[in-house]
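One structure below.
Number of protein chains: 4
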Amino acid sequence: MHEHQDHIRRLKIAEGHLRGIQRMLEEDAYCMDVIQQINAVKASLNKINTSILDQHMKSCLTTAVRGDDADERERVLAEIVHLFEAVNKN
Amino acid sequence: MHEHQDHIRRLKIAEGHLRGIQRMLEEDAYCMDVIQQINAVKASLNKINTSILDQHMKSCLTTAVRGDDADERERVLAEIVHLFEAVNKN
Amino acid sequence: MHEHQDHIRRLKIAEGHLRGIQRMLEEDAYCMDVIQQINAVKASLNKINTSILDQHMKSCLTTAVRGDDADERERVLAEIVHLFEAVNKN
Amino acid sequence: MHEHQDHIRRLKIAEGHLRGIQRMLEEDAYCMDVIQQINAVKASLNKINTSILDQHMKSCLTTAVRGDDADERERVLAEIVHLFEAVNKN
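Residue numbers (the numbering used here), protein chains in the order written: chain E, 1 to 90; chain H, 101 to 190; chain G, 201 to 290; chain X, 301 to 390.
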């Protein structure tokens with residue numbers, strides 16, 4: 001699927017970024033610069049997650065909510081609330 | 101509505117908490133204790149938001165997604181993605 | 201102290217904001233608008249916390265780190281690490 | 301340095317985790333499971349950052365604050381406040 005290809009590509013970039021950060025540590029880079037680079041990786045991961053969620057809402061969630069299985073509907077809606085709860089801790 | 105009554109009640113408690121924090125500042129409390137109390141208010145606000153979102157998913161969002169207005173459906177789904185994006189910044 | 205006066209003033213504004221949100225709920229405002237307003241209050245609280253932390257670093261923390269009490273020094277530094285840990289959960 | 305070795309080792313594990321997530325996407329795993337795994341990587345990165353910050357406070361920051369260069373002292377303290385601001389956005 002096209003969108004998955006894009007997510008895989010972006011995860012590969014994040015992976016390369018993490019390797020670069022290991023080199024920074026080996027070369028004794030300044031701590032605060034390392035922390036900032038790790039935060040940059042986290043920002044990329046956030047964007048990937050937002051994009052996956054966007055897809056999920058338009059496909060799986062829409063199908064479930066429009067479907068006749070009340071349990072499945074409830075499950076899919078509760079997942080979103082739990083995700084929100086998990087990422088909204090501070 | 102019962103649930104709204106509960107949210108209003110919890111917002112009133114958060115309000116009282118903020119007043120208590122003002123007193124702490126007037127009495128020159130230790131900075132880190134003030135920061136911790138402000139974080140406790142934020143934690144209460146997060147719980148209220150999770151509860152409002154839960155309600156929203158089961159009512160407005162479900163109605164929109166099951167409805168025939170494709171624009172409205174899209175709008176309601178995009179709102180959730182934007183909310184996630186906004187609270188998932190770090 | 202001048203800075204505390206400013207923090208108290210900003211907490212009072214946040215308090216008024218929370219009262220406004222209670223009115224929104226009483227008047228059955230749209231859920232997503234309520235969530236957004238609660239997030240706006242959280243953003244104000246974050247700014248107050250950043251300002252209190254800034255003061256703390258320049259006063260208490262600097263005094264402790266420059267002082268001769270190694271335990272106190274350690275305690276004050278550990279507090280910052282714990283705060284970072286607490287607010288950096290997602 | 302021993303601690304850096306540990307951080308490098310944990311970054312390598314996070315890297316492997318990201319590769320596993322790419323496989324999940326290739327095998328069309330359920331979106332919400334992918335999002336959860338990406339959040340698990342973020343949680344590991346947060347722990348690495350907390351540990352680097354802890355080291356930084358005890359070494360560079362302590363040295364700077366105990367030193368005689370007022371500009372350097374101010375710079376190092378401001379960095380912590382900016383970091384807090386950056387990770388405390390929600």
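Ideal Cβ placement from N, Cα and C applies to all residues, glycine included.
In this structure, Gln205 (chain G) keeps its C-beta atom at 9 Å or more from the C-beta atom of Ile221 (chain G). Within chain X, the residues Val381 have their CB atoms less than 7 Å from the CB of Asp254 (chain G), given in chain order. Per DSSP, the continuous alpha helix (DSSP H) segment holding Asp106 (chain H) begins and ends at His102 to Glu126. For Leu11 (chain E), not one C-beta of chain H is nearer than 9 Å to its own C-beta.
Between Glu26 (chain E) and Ile308 (chain X), the beta carbon gap of about 7 Å places them in contact (Cβ cut-off 8 Å).
Contact of Val165 (chain H) with chain G is not assigned, every C-beta pair being separated by 9 Å or more. Proximity of His7 (chain E) to chain X, defined by a Cβ-Cβ separation below 9 Å, is satisfied.
For the 9 Å CB-CB criterion, Ser51 (chain E) and Glu3 (chain E) form a contact. At a cut-off of 9 Å between C-beta atoms, Leu45 (chain E) counts as an interface residue with respect to chain X. Put simply, the CB of Glu115 (chain H) is near chain G, with a gap under 9 Å to one of its CB atoms. The DSSP-derived three-state label of Lys142 (chain H) is helix. Just so you know, the alpha carbons of Val376 (chain X) and Val365 (chain X) end up roughly 8 Å apart. Taking C-beta separations shorter than 8 Å and ignoring five residues to either side along the sequence, the partners of Ile13 (chain E) in its chain run Ser44, following chain order.
Bounds of any alpha helix (DSSP H) do not take in Ala329 (chain X), whose DSSP letter is neither H nor E. Interface residue (Cβ-Cβ distance to chain H less than 9 Å): Glu3 (chain E) is not classified as such. Each of H:Asp154, H:Asn188 and H:Tyr130 was checked against the Cα of Leu261 (chain G), and the nearest Cα belongs to H:Tyr130.
Counting C-beta atoms within 10 angstroms of its own C-beta, Arg119 (chain H) has fewer than 16 neighbours from the protein chains shown and is therefore classed as exposed.
Leu83 (chain E): member of the alpha helix (DSSP H) spanning Ala70 to Val87, first to last residue. Think of a sphere of 7 Å around the beta carbon of Arg19 (chain E): the chain X residues whose beta carbon falls inside it are Glu315, in chain order. Around Asn290 (chain G), the beta-carbon contacts reaching into chain E at under 8 Å are Ala86, Val87, Asn88, Lys89 and Asn90. Between the C-alpha atoms of Ala186 (chain H) and Glu115 (chain H) there is a straight-line separation of about 24 Å. Around the Cβ of Arg173 (chain H), a 10 Å sphere holds 16 or more other Cβ atoms; the residue is buried. Asn290 (chain G) carries a coil assignment under DSSP once its states are collapsed to helix, strand and coil. For Leu253 (chain G) and Asp333 (chain X), the gap between their C-alpha atoms comes out near 37 Å.
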